[in-house]
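Notes for the one structure printed next.
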Amino acid sequence: MSKVQDPILEQTKTEARFWAKVDKQEGCWLWTGATSHGYGQLKVGKGLMYAHRYAYELLVGPIPEGLTLDHLCRNHPCVKPEHLEPVSGRENTLRGEGLTARHARANHCMRGHPYDLSNTYTTADGSRGCRKCKQISNVKWNEILNQRKQLERQT
3 MSKVQDPILE QTKTEARFWA KVDKQEGCWL WTGATSHGYG QLKVGKGLMY
53 AHRYAYELLV GPIPEGLTLD HLCRNHPCVK PEHLEPVSGR ENTLRGEGLT
103 ARHARANHCM RGHPYDLSNT YTTADGSRGC RKCKQISNVK WNEILNQRKQ
153 LERQT
């Protein structure tokens, strides 16, 4: 005979396990349980859930569809809802410290040319390009093509 589980009892047990792993400090509420890539994880039902998402849904409400939670405190183990803001995935990425965010905040290309209105273009994939660097690249490429043509004429 299968054991019928009371959903309210299960929810209460999950909440108790959650709070047992939260260290409420003056600033952040730190997750002290299991983590994955720095984010707290909690077993909910038969699966795993990020602890900060659980905290937000428990204390604030559902995370709006299509949005993700951004840690305003930049502290991934933090589960304090006041430190979490629902934003688009793009906004969350651009607010971060990863390569994409650093490139987006850059105001010069890797060779030091400014990303300004006269020197910046948008590529087909939506990223920025430096007109000065493109010009240098085109000159070099044309030199290579001219050298190949000269070699072909000599043979």
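The numbering of the sequence shown is our numbering, which starts it at 3 and goes up by one. Quick reminder that beta carbons are idealized off the backbone N, C-alpha and C, glycines included.
Next on the checklist: Using a 10 Å radius around the Cβ and a threshold of 16 neighbouring Cβ atoms, would you call W21 buried or exposed?
Outcome noted: Label assigned to W21: exposed.
Checklist entry - Could you give the distance in angstroms between the alpha-carbon of M3 and the alpha-carbon of E67? => result Residue confidence is low: M3 scores 45 on pLDDT, short of 50, so the model does not pin down where it sits. No coordinate-derived value is stated.
Next on the checklist: Which residue marks the beginning of the beta strand (DSSP E) containing E87, and which one marks its end?
Outcome noted: Per DSSP, E87 belongs to the beta strand (DSSP E) from 86-89.
Item to check | Inter-stretch contact (C-beta, 8 Å, three-pair minimum) for the segment 110-118 and the segment 82-96 | outcome: Put simply, the segment 110-118 does not touch the segment 82-96. Fewer than three CB pairs are less than 8 Å apart.
Checklist entry - Under the rule that 16 or more other beta-carbon atoms within 10 Å means buried, what is K82, buried or exposed? => result Here K82 is buried: its Cβ has 16 or more other Cβ atoms, across all protein chains shown, within 10 Å.
Next on the checklist: Between the alpha carbons of E59 and R104, how many angstroms are there, rounded?
Outcome noted: Answer to the nearest angstrom: the Cα atoms are 31 Å apart.
Checklist entry - Going by Cα to Cα distance, which pick from S120, K151, C80 is closest to G29? => result Closest by C-alpha distance to G29, out of S120, K151, C80, is C80.
Next on the checklist: For L44, count the other beta carbons within 10 Å of its own beta carbon; 16 or more makes it buried, fewer makes it exposed. Which is it?
Outcome noted: L44 is buried by the Cβ-count criterion.
Next on the checklist: Using C-beta distances below 6 Å, list every residue in its chain close to G40, excluding the 5 sequence neighbours before and after it, in chain order.
Outcome noted: Residues H78 of the same chain have their beta carbon placed closer than 6 Å to that of G40, with the five preceding and five following residues left out of the count.
Item to check | Local conformation of H73 per DSSP, three classes | outcome: Strand, per DSSP.
Next on the checklist: For a test of the three-state rule: what should DSSP assign to K151, helix, strand or coil?
Outcome noted: Reduced to three states, the DSSP call for K151 is helix.
Item to check | DSSP-derived helix/strand/coil call for L32 | outcome: DSSP places L32 within a strand segment (E or B) once states are collapsed to three.
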